[in-house]
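These notes are about the structure you will find just below.
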Amino acid sequence: MFAVIKTGGRQYRVVPDDVLEVGKIEGEVGTIIQLTEVLMVGGDTPVLGLPTVAGATVAVEVLDHKRGPKVIAFKKRRRKNSRRKRGYRDEITVLRISEILTDGAKPTKGPRPKREKVVKETAKEEADAA
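The sequence shown begins at 1 in the UniProt record's numbering and counts up by one.
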């Protein structure tokens with residue numbers, strides 16, 4: 001099953017467990033939020049929305065908030081000793097698609113537990129401990 005969602009003025013085709021970067025969305029890292037602007041739900045029987053599919057939502061987990069790459073706007077007027085340089089970085093939210101819900105259903109999956117880093121002990125630390 002897939003869905004076409006709209007967020008930040010752009011449309012995305014998503015399936016469960018997709019990770020995508022969208023414009024900044026309010027929400028704490030590690031929480032589940034619901035996106036309600038679902039334009040299409042596909043599968044065995046596709047459903048098109050007019051303009052959105054009634055009762056359909058997409059549950060997403062907020063993974064991170066970050067800034068995108070720098071975009072430089074450089075303007076120069078030749079032979080006039082005039083130039084302007086301006087940089088800009090977008091605010092981005094990284095999302096993981098948890099599940100696609102229809103008929104007003106509530107999300108059943110919670111956020112995934114974070115992996116803990118495994119610390120390897122070096123030979124020197126092992127000798128000091130013994």
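Ideal placement from N, C-alpha and C gives every residue a C-beta, glycine not left out.
Measuring straight from C-alpha to C-alpha, what distance separates A73 and T102?
Approximately 43 Å between the Cα atoms of the pair.
Tell me, please, which residues DSSP counts as bridged to V71.
Y88
Does A59 pass the burial test, meaning 16 or more other C-beta atoms within 10 Å, or should it be called exposed?
buried
Near G30, which residues of its chain fall below 6 Å by C-beta distance, leaving aside the five closest residues on each side in sequence?
P111
M40 lies in the beta strand (DSSP E); which residues open and close that run?
38-42
Assuming contact is defined by CB atoms lying nearer than 8 Å, are E61 and L95 in contact in what I supplied?
The answer is yes: Cβ separation under 8 Å.
Just reading off the beta strand (DSSP E) that I6 is part of, what are its end residues?
Correcting the residue identity first, residue 6 is Lys in this sequence and not Ile. In the DSSP annotation of this structure, the continuous segment of the beta strand (DSSP E) that includes K6 starts and ends at 2-7.
Compare the C-alpha of R67 against each of G43, V118, I33, G87 and name the closest.
G87
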